[in-house]
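Protein chains in written order, with our numbering: chain A, 1 to 342; chain B, 343 to 684; chain C, 685 to 1026; chain D, 1027 to 1368. Heads up, the beta-carbon is just placed ideally off N, CA and C, and yes, glycines get one too. Note that the coordinates shown come from a computational prediction; the quantities given were computed from them, not determined experimentally.
There are 4 protein chains.
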Amino acid sequence: MINVGIVGCGYWGPNLIRNFMSCPETELLWACDKDEKRLKKAMRQYSGVSLTVDVDDLVADESLDAVAIATPVETHFRIAKACLENGKHILIEKPFTLSLLQGNKLVQLAREKDLQIMCDQTFCYTSAVRKMQEIVQSGVLGKLLYFDSVRINLGLFQQDINVIWDLAPHDLSILDLLIDDKIVSVSAHGLSHAGNNIENIAYLALKYENNFIAHLHVNWLSPVKIRRIILGGSEKMVVWDDMNVTEKIKVYNKGIVVEQDDQEKVRQFLISYRSGDIYSPHIDNTEALALVVKEFAACIEENRPALTDGKAGLRILQVLESAQKSVKTDGSNVPIQDVMEI
Amino acid sequence: MINVGIVGCGYWGPNLIRNFMSCPETELLWACDKDEKRLKKAMRQYSGVSLTVDVDDLVADESLDAVAIATPVETHFRIAKACLENGKHILIEKPFTLSLLQGNKLVQLAREKDLQIMCDQTFCYTSAVRKMQEIVQSGVLGKLLYFDSVRINLGLFQQDINVIWDLAPHDLSILDLLIDDKIVSVSAHGLSHAGNNIENIAYLALKYENNFIAHLHVNWLSPVKIRRIILGGSEKMVVWDDMNVTEKIKVYNKGIVVEQDDQEKVRQFLISYRSGDIYSPHIDNTEALALVVKEFAACIEENRPALTDGKAGLRILQVLESAQKSVKTDGSNVPIQDVMEI
Amino acid sequence: MINVGIVGCGYWGPNLIRNFMSCPETELLWACDKDEKRLKKAMRQYSGVSLTVDVDDLVADESLDAVAIATPVETHFRIAKACLENGKHILIEKPFTLSLLQGNKLVQLAREKDLQIMCDQTFCYTSAVRKMQEIVQSGVLGKLLYFDSVRINLGLFQQDINVIWDLAPHDLSILDLLIDDKIVSVSAHGLSHAGNNIENIAYLALKYENNFIAHLHVNWLSPVKIRRIILGGSEKMVVWDDMNVTEKIKVYNKGIVVEQDDQEKVRQFLISYRSGDIYSPHIDNTEALALVVKEFAACIEENRPALTDGKAGLRILQVLESAQKSVKTDGSNVPIQDVMEI
Amino acid sequence: MINVGIVGCGYWGPNLIRNFMSCPETELLWACDKDEKRLKKAMRQYSGVSLTVDVDDLVADESLDAVAIATPVETHFRIAKACLENGKHILIEKPFTLSLLQGNKLVQLAREKDLQIMCDQTFCYTSAVRKMQEIVQSGVLGKLLYFDSVRINLGLFQQDINVIWDLAPHDLSILDLLIDDKIVSVSAHGLSHAGNNIENIAYLALKYENNFIAHLHVNWLSPVKIRRIILGGSEKMVVWDDMNVTEKIKVYNKGIVVEQDDQEKVRQFLISYRSGDIYSPHIDNTEALALVVKEFAACIEENRPALTDGKAGLRILQVLESAQKSVKTDGSNVPIQDVMEI
């Protein structure tokens, strides 16, 4: 049994609380929010949990194994650092921290203290993404060719981070899970229409080492809500349409066949087209966050990195920082260093 | 009555022929294709048209006013030049020519000879685009913010041009028609998966002078066919979904309201959201090409530039050349010169 | 302030409880369920409400103004009767009672006691139906011609009532609200596939006095979920697609124009077709049940029949009974008496 | 090689002509239409075919093996009779004849003369229906439970036949092909809104011997175009959505499992639900009419009944006549005699 505390009872916190309460491997000891009214409202229906407006109460409680941090991103580093220094494992919301530097410090601290950092990259635990992972790993797609994501809506204009930091982490965490290739460089174009220099529409192109490209369109100012990922392979292709209630994932037996030939002139006859069946696997209804909480408990008990550990968080931060640099320099190609060597 | 000849009876030619035959302002005198069998097949159902495999027969016919050129792009310049030098107006398929330089020479030649060049940018004459133009010109969209186009399919892999030259001209001609702002630079990312260095997937970002961005996703290797354009405005937004048979155009009364305020801290309360009705105007069924042919006859008779004249063709060529340069230099930002000053 | 009690805390009860708690015009005094565990679970997050497993506690409480009944249908009559006899207004779930006879007795009892019976025909309070009602009342549809509803799904096979009694009340209540014409007869066809003589698929045809027809397809055994109503008018037509998240209601400016003419032979030239714009009004997100609760409080305070009062419930029962008779006699046409005269 | 003539060059005739011209097993000798202008226009692009306005020219030509009849339905009987009497096989458009009596006479005449009658039930030759047939015959659907068809549109109001005779033959021919069970009775409800007593909306319920029901909704006055058939089976279900360009056929691995049990009380626990994968087989693009023409040639050459022979036509006529009787008697159940015994 893992004794857990939570900091931050705003938008996402209550979902974590509900899942910690129902998870048999976790016991929620503390809930904390600096806004007492919000704290009480969030905890009204639960009993047996200590409430506080002071995060230090959690840090100081020696019986506490782990802390989930669901506060605004600018507070992540400070709270996480205090928790780690006091021997607590952490589960942290996206984006991990405000900078790669902060993230790195936390990862090193955790390593020194032999503690787990898990990033709550919730999408990686959805049934749809797990099904996509299963499909990719089965090899049926052939060689992976490209990843195209459109994640647009008339969404909430954030005031502290732009649309890249707000929405791209979802796709970047999925890419990190699915694609076994290294990102070489990032180029991002964006625009701010609210007069505050915070981009509300952006396009990211990620070049990989092995002739693979990932492209993201993130947008808070679209009249239509689209959440669609296309993953093109040489043998089959997968489309995830998250707005489709009943057929989220479709596998298309479609593609081209390219035959190598020396004679340039006849090459045009050597590309042929396949158009076959479409298959939409059943997707179960398990709540992703229940699996997040379960994995958090498991990685602590088994003393192993979580599926979405701190290093995964760093890899995403690195792309975000590079994209940020690119969007502010008119889409220049920003190379990605190997973060693991830092 | 305009006497017309056509060169090229392959994929697109027969459509032009049919429309020249039924247009009351044009009379088709000549049809030409170097492949006699294809020529005869295309003309089987028509009588009273002279057939030839030699384009010089058209060039030499003094009674001929105009020539429509529907041959492969690498022959455009040579044929068009011969026609213009011999006093014939020309209608020319997309892409206009293989290079801006060629296009410029043709436009100058036409100016010297007082002849019309019309580019067959067919999409500009579709009911949907004309409706979009009407909506833009009415001003109801407010300030235009962005243009996002997705034009993807499991499409024919061309052997002579990449997916940018094949598909982007459609969007570029629509942009040229709708957007009254100047393109500053182009950045393009693409990849070739057929091993022939011809990109089959590409993303283009076009930056404009006045805080407007246009983005194009063109792709021959998509499992799903999508042809969708979003045009975001400050007051309303338009979506054109060409795959939707009955509701191609939708106007969304959606957006944000940003109020200016000096106090940074309260700014977050000053963005509010509007979500109103959706309106899908009836789109008539007029064939776009019938309007192309009509406009071609009209611009000749009225001795005025066509809606999609040679200069429009040059503006598109310039973006294509810049995009080509960018895609071959890893997405570098390629500035656009003012082509009209060349 | 209306003092309310609720009986039945199973599937629908908790929704009523939540709305009674948040409605400023109602105060929830009692919650009752014969299953104490279910009762406690449902009320866990609320305080200040008396709990009981015995409905007589509510009946006996003189301070109680009204009772909401959300128990299985076979208990409706007994509980409602006790409540009315003890001076309590009632809000009752669909279907109203097991028979028209029972319903009639309750309505008469309420009349004698000067109490309100309100039937919780929730769909009538949805934003979509209220918008349809607004459209119908505005007269823009012209003469109403037909109503076609498809309400199918892989739904829960009920054990006590067939698919007609389970799903048709939704459509019948909408018809009762929208259509100002009288039903003359009902014909129903159905089939049971579970071997229990309880129909799981049924088709109902309702003939009206004035050349209007309503048709319902209700089905628990469909692989796809469809909830779509078409309301055809002579001038315009409305389609309500409840599965469409963003465009639930569409108004089509479509139809035919029939001109009267004496000459039979030329009649074929006198039907012309209109195909115009489509308009999808914005539908607000108000929870229907909040309006149900508000209307319940209002009809008691203002001592007037609710929008969906007991008589509306009787009219629906009458169609259900007739449909039941018809489905058991191979679709024979069962005439509808004027229930109000009973 | 079968020598063929065609009568009727209006709406459907040109499609037949084109397919007879391209079919290697048929040679078109004659084309006939009483309207000479229409005849010439239809045949403009073809040479080597004799044209006539007099059907007797075809009847009298001894070298002619077969005649395709694509004239208005009221002329079918007279023309077909003359052809059969003169030794010609016939291919005839839907509906077969104006009455079962007429159809019967033609079938008997053909039998006496040892000639083939083929009904052009085109839908039976579409790739989608052939795929459905393949699925049904494979047995994967389990026991067939119901067939639900919606075939509605803002369609052409016919002047000689109602919407049942116009649209229901499509579904009835598909039912005749797919369902190996006998129709017991038909009930139809309909309404005429054009003031001419010709129904423009109708609902047909067909009861079968073995607990199977087929239901058809046909409608010329719908604002939306829907062509969807659901075929429910005990193991799987098929949906054919003809408006879906890329996924016309979907097979749903969905259903219920009913376990028999003696104890009434626990029955509710014995129905369980399955919700599995969805599979959309690739549908080829073969034109259905090419297969019709091929089958016509084949049944003549092989001297065997066509897949959709005269008897199939009679079975459909019988349902149409019964439906007509029912719709004019307020939906009364009209029993179906075994037409084959007539």
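Item to complete: Could you tell me the distance, in whole angstroms, from the CA atom of Leu1167(D) to the CA atom of Ile848(C)?
Response: 26 Å
Item to complete: Scan the region 832-899 of chain C and note each continuous alpha helix (DSSP H) run of 4 residues or more that stays entirely inside, going in chain order.
Response: 847-862
Item to complete: Determine the burial state of Asn1017(C): buried for a count of at least 16 other Cβ atoms within 10 Å of its Cβ, exposed for fewer.
Response: buried
Practice prompt. Hey, could you find the ends of the beta strand (DSSP E) Leu742(C) is sitting in?
Written response: Here Leu742(C) belongs to no beta strand (DSSP E); instead the alpha helix (DSSP H) covers 739-744.
Item to complete: Classify Lys1208(D) as buried or exposed, calling it buried when 16 or more other Cβ atoms lie within 10 Å of its own Cβ.
Response: exposed
Discussion item. Quick check: the Cα distance between Lys81(A) and Leu109(A), rounded to an integer number of angstroms?
Written reply: 8 Å
Practice prompt. Mind checking which residues open and close the beta strand (DSSP E) that includes Met118(A)?
Written response: 117-119
Worksheet item: Helix, strand or coil: how does DSSP classify His773(C) here?
Response: strand
Discussion item. Rounded to the nearest angstrom, what separates Val1033(D) and Asp1082(D) at their Cα positions?
Written reply: 10 Å
Fill in: Bounding residues of the beta strand (DSSP E) (the contiguous stretch that carries Asn1329(D))
Careful: Asn1329(D) lies outside any beta strand (DSSP E) and carries neither H nor E.
Worksheet entry | Own chain, CB closer than 6 Å to Phe761(C), minus 5 neighbours either side, in chain order | Thr781, Gln786
Worksheet entry | Inter-stretch contact (C-beta, 8 Å, three-pair minimum) for the region 1053-1060 of chain D and the region 996-1008 of chain C | no
Discussion item. Along the chain, where does the alpha helix (DSSP H) containing Lys1276(D) start, and where does it finish?
Written reply: Segment 1275-1284 is the beta strand (DSSP E) holding Lys1276(D); no alpha helix (DSSP H) there.
Fill in: Contact set for Met585(B): own chain, Cβ-Cβ below 8 Å, skip 5 residues either direction
Lys567, Ile568, Arg569, Arg570
Practice prompt. Return the first residue and the last residue of the alpha helix (DSSP H) that Val1353(D) is part of.
Written response: 1336-1353
Worksheet entry | Distance CB(His557(B))-CB(Asp508(B)) smaller than 8 Å | no
Worksheet item: Does Ile571(B) come within less than 8 Å of chain C when only Cβ atoms are used?
Response: no
Practice prompt. Flag Gly835(C) as yes if its beta-carbon sits less than 8 Å from any beta-carbon of chain A, otherwise no.
Written response: Note that residue 835(C) corresponds to Arg in the displayed sequence, not to Gly. So no, Arg835(C) is outside the interface.
Item to complete: State the Cα-Cα distance for the pair Ile117(A) and Gln501(B), rounded to the nearest angstrom.
Response: 51 Å
Worksheet entry | DSSP-derived helix/strand/coil call for His418(B) | helix
Worksheet item: Hey, is the region 11-26 of chain A in contact with the region 284-298 of chain A, meaning 3+ C-beta pairs nearer than 8 Å?
Response: yes
Fill in: Where the alpha helix (DSSP H) containing Lys113(A) begins and where it ends
100-113
Worksheet item: Which chain A residues are close to Gly1302(D), counting only those with a beta carbon under 8 Å from its beta carbon?
Response: His282
Discussion item. Does any residue of chain A have a CB that is nearer than 8 Å to the CB of Arg728(C)?
Written reply: yes
Worksheet item: Which residues bound the beta strand (DSSP E) around Leu1257(D)?
Response: 1247-1259
Item to complete: Please confirm if Tyr892(C) has its CB atom under 8 Å from at least one CB of chain B.
Response: no
Fill in: Cross-chain neighbours of Tyr488(B) in chain A, by beta carbon under 7 Å
Leu191, Ile201
Item to complete: Please determine, among Asn15(A), Met1(A), Gly331(A), the residue with the shortest C-alpha to C-alpha distance to Val292(A).
Response: Asn15(A)
Discussion item. Suppose the cutoff is 8 Å on Cβ atoms and the five residues either side in sequence are ignored; what does the same chain contact list for Pro1195(D) look like?
Written reply: Lys1120, Pro1121, Gln1147, Ile1342, Leu1346
Discussion item. Beta-carbon within less than 7 Å of Glu606(B)'s beta-carbon, same chain only, minus the 5 sequence neighbours each way: which residues are those?
Written reply: Residue confidence is low: Glu606(B) scores 47 on pLDDT, short of 50, so the model does not pin down where it sits. No coordinate-derived value is stated.
Worksheet item: What did DSSP end up calling Asn627(B) once you bin it into helix, strand or coil?
Response: coil
Fill in: C-alpha distance - Val251(A) paired with Gly48(A), whole-angstrom precision
47 Å
Worksheet item: Where Gly917(C) and Ser392(B) are concerned, what is the direct C-alpha to C-alpha distance, given to the nearest angstrom?
Response: 55 Å
Worksheet item: Using the rule of at least 16 other Cβ atoms within 10 Å of the residue's Cβ for burial, across every protein chain shown, is Gly1357(D) buried or exposed?
Response: buried
Fill in: is_contact[Asp353(B), chain C] using C-beta, thresh 8 Å
Note that residue 353(B) is Tyr in the sequence shown here, rather than Asp. For Tyr353(B), the answer is no, since every Cβ of chain C falls outside 8 Å of its Cβ.
Worksheet item: Should Asp968(C) be labelled buried (16 or more other beta-carbon atoms within 10 Å of its own) or exposed?
Response: exposed
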